[in-house]
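Take a look at the structure set out below.
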Amino acid sequence: MHLKYIDSMKAPLFGKTLTEVQQLVLDLGLPKFTASQITNWLYKNKVSSVEQMTNLSKKARALLDEQYTIGLEAPINVQTSVDGTKKYLFKAGGGFIESAFIPEGKRNTLCVSSQVGCKMRCLFCMTGKQGLQGQLSANQILNQVRSIPEHEQLTNLVYMGMGEPFDNLKSVMRSLEILTADWGYGWSPKRITVSTIGIVPAMKHFLENSRCHLAVSLHTPFESERKMLMPVSHKYPVDDILKEIKSHDLGRQRRVSFEYIVFKGLNDSPRHVKELARILNGIRCRINLIRFHQIPNTPLESTDEKRLLAFQEELKAKGIVTTIRASRGQDIDAACGLLSTKEMVNQEGIKKEIREN
Ligand code: SF4
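Counted the way this note's numbering counts, the sequence shown spans residues 4 to 360.
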């Protein structure tokens, strides 16, 4: 695979918001209108070098080129699943990150990472076992979208890869602005879903400042169980998360979903159905049931298919829209909860590729 690397002496232009570009244009002493010309080249015309910005004067291009580069970085590896899912590996944020491309009929979804590893230590997640190794910039988040071969075919984007998006709020919000702004990619916010384990202040900021969909990892309605599964619940209990969501008028366009990994004998009982119906009452939402993908050193097990389907029916009978998420890319560890790059440098193939570049 051909690799391009960011010139470490120059700052990347890709991933900058219009406001940031306006500032740098001002700092370089260039005419004000140059800023929108630059964002057009970056996000609409998709250039890969400053030289290609042909409606900028030669002087402007030379000045820009002295300090800035476009800043795109190709993936260093790709694995393809039998079901067509592709897992891309990128070098970023002082480590490695993964993104999963998931084709599904007319829908092509990319699941992006927002951090290198994660500090949240959810019991069921491989990324959590890795710890936090670095934050991603808006450039590094959006580079996952821009630098894969399927870039033009993408219909949907989910922030459900490595990391907790709201533990890297600034970069995530910048990336959403670039994706949805008229001067940026101009995507409808309805094509984007940001997932969180419920970091309440950041979630509040997101709900107030973005129109993208929200997915909350719930996994159980009972606080004591949630604390065991997700240590974050000690700080942000379910009650606080739901109270915050209920305080926003999300209209009919914006979707809130609750992610629910169904564990055998832990959170799949009629008692859980009853409590879910009680706590979600008054929120227009859906529940996404997810099969647990076994990871090492955890006592957790996935519920069986029969119980999964029955659990879905019981929730539906309570009037809750409930779907079961298809497991994709399991054979290449691209399915939910399996993304991890902790051991990456130990893999000979990757090590070789990194050495060569
Ligand atoms: S589930 Fe999300 S928040 Fe929890 S450890 Fe994994 S990546 Fe972090």
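For glycine and all other residues, C-beta sits at the position ideal for the given N, C-alpha and C.
Nearest-angstrom Cβ-Cβ length linking residue i and residue j, presumed shorter than 8 Å
| i | j | result |
| --- | --- | --- |
| S198 | P168 | 7 Å |
| A205 | R177 | No, A205 and R177 are not in contact; Cβ-Cβ is about 14 Å, not under 8 Å. |
| F225 | E278 | 6 Å |
| V148 | V115 | 7 Å |
| V119 | M165 | 7 Å |
| D307 | K249 | About 34 Å separates the two Cβ atoms, so there is no contact after all. |
| L21 | W190 | The pair is not a contact, with the Cβ atoms about 15 Å apart (cut-off 8 Å). |
| K19 | V28 | At roughly 11 Å, the Cβ-Cβ gap does not stay under 8 Å, so K19 and V28 are not in contact. |
| V53 | R64 | 6 Å |
Proximity of residue i and residue j at Cβ, strictly below 8 Å
| i | j | result |
| --- | --- | --- |
| N146 | L92 | no |
| R258 | H208 | no |
| A38 | V24 | yes |
| L311 | V276 | no |
| F99 | E153 | no |
| L292 | Y263 | yes |
| C125 | M233 | yes |
| I290 | L318 | yes |
| V161 | T196 | yes |
| G137 | K122 | no |
| D242 | V85 | no |
| E101 | K90 | yes |
| L31 | L67 | yes |
| N111 | Q156 | yes |
| A366 | L139 | In the structure as shown, the chain begins at 4 and stops at 360. Residue 366 is therefore absent and cannot be evaluated. |
| I200 | V175 | no |
| Y188 | L179 | no |
| K321 | A280 | yes |
| F127 | L303 | yes |
| S117 | N159 | no |
| C288 | S260 | yes |
| G332 | T88 | yes |
| H237 | K230 | yes |
| P78 | I151 | yes |
| Q256 | K309 | no |
| Q40 | M56 | yes |
Per-residue DSSP class, three states only, for residue i
| i | result |
| --- | --- |
| T199 | strand |
| V148 | helix |
| V265 | strand |
| I248 | helix |
| E107 | strand |
| A38 | helix |
| P234 | helix |
| F93 | strand |
| G137 | strand |
| A14 | strand |
| A218 | strand |
| I9 | Here I9 scores only 46 on pLDDT, less than 50, and its place in the model is too uncertain to base an answer on. |
| E23 | helix |
| Q156 | helix |
| I327 | strand |
| Y71 | strand |
| N212 | helix |
| I353 | Per-residue confidence for I353 stands at a pLDDT of 42, beneath the threshold of 50, marking its modelled position as unreliable; no derived number is given. |
| Y239 | coil |
| Q118 | strand |
| Y188 | coil |
| L31 | coil |
| N284 | coil |
| S260 | strand |
| R294 | strand |
| G131 | helix |
| T83 | strand |
| E316 | helix |
| E101 | strand |
Near ligand 1: residue i beta-carbon under 7 Å from a heavy atom
| i | result |
| --- | --- |
| G137 | no |
8 Å Cβ cutoff, residue i in contact with chain B
| i | result |
| --- | --- |
| L67 | As a matter of chain content, chain B is missing from the structure shown, which is built from one protein chain. |
_Any heavy atom of ligand 1 nearer than 5 Å to the CB - residues listed_ = C121, M123, C125, C128, T130, G131, E167, I200
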